[in-house]
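Colleague:
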Amino acid sequence: MNVLAISGSPSATSKTLRLLDPLEQALNAADIELRRVSVSDFPAEAALLARFDHPAVQGFHRQLAQASGVVVLTPVYQSAYAGALKVLLDLIPEGGLAGKPVLPLVSGGSAGHLLAVDYALKPVLSALKASEIHQGVFAVSGDIGVDADGGLALAPALRARLDEAAQLFASQLSARRRAQQAPASWSGLRVCL
């Protein structure tokens, strides 16, 4: 089982990408692999012109089809999610998130950008037929840092929200896996209360 993280951050060292660290730990503990894709993984022409026949785009489609869940990461610029993320979302086929839970992880310069998740990002994820869009986590950029050893340093409240979201997401995916692995003979069982 795996989860595909789709990053709308153009920087490989962005604060937004650092939000994946606690999530990856929770997923790994549940025996779920985290795979990553970023706009920088695509030739500009293939991504910007939505060349669905390009090998990089076809590989993205395969990764998405194989994923049990999706994490969407983006910084907020000008009160909206990053244009680089929009480029990647435009590469997802119609209904491409059907049956997949989605966890948004978003960072912004101030709490004033929080509404970008609900008013800009969630409608697009709904249009792509995400089965469930988790509340996700919004992080103020100042709450994400680097410690003296170069490791991730998060404000305690942000760390708690990330840990909670990661545990809930991993738990949901694990429950789905157990349901898929249930013996076929269980399919006719009824629960009576």
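Note that this note's numbering gives residue 64 to position 64 of the sequence shown, counting from 1, and the numbers run on in steps of one.
A virtual CB, placed ideally from N, CA and C, is assigned to each residue, including glycine.
Keep in mind it's a predicted model, so treat the numbers as computed, not measured.
In angstroms with no decimal places, state the Cα-to-Cα distance between residue 51 and residue 60.
Modeller: The alpha-carbon atoms of residue 51 and residue 60 are separated by roughly 12 Å.
Colleague: So, using beta-carbon positions, are residue 140 and residue 107 closer together than 9 Å?
Modeller: A contact, by the Cβ cut-off of 9 Å.
Colleague: For residue 79, does the count of other Cβ atoms within 10 angstroms reach 16, so buried, or fall short, so exposed?
Modeller: The residue is exposed, with fewer than 16 neighbouring Cβ atoms inside 10 Å.
Colleague: Would you say the region 88 to 101 touches the region 20 to 32, given that touching needs at least three Cβ pairs under 8 Å?
Modeller: Verdict: no, contact absent.
Colleague: For residue 22, name the three-state secondary structure that DSSP assigns.
Modeller: Residue 22: helix per DSSP, three-state reduction.
Colleague: Helix, strand or coil for residue 13? Go by DSSP, reduced to three states.
Modeller: DSSP places residue 13 in coil when its eight states are reduced to three.
Colleague: Would you mind working out which of 37, 88, 114 sits nearest residue 128, comparing C-alpha positions?
Modeller: Of 37, 88, 114, the residue nearest in Cα terms is 88.
Colleague: For residue 156, does the three-state DSSP call read helix, strand or coil?
Modeller: Reduced to three states, the DSSP call for residue 156 is helix.
Colleague: On a Cα-Cα basis, can you pick out the residue from 8, 178, 3 that is closest to residue 91?
Modeller: Ranking the options by Cα distance to residue 91, first place goes to 8.
Colleague: Taking contact to mean at least 3 C-beta pairs separated by less than 8 Å, is the region 115 to 135 in contact with the region 151 to 159?
Modeller: No, they do not touch.
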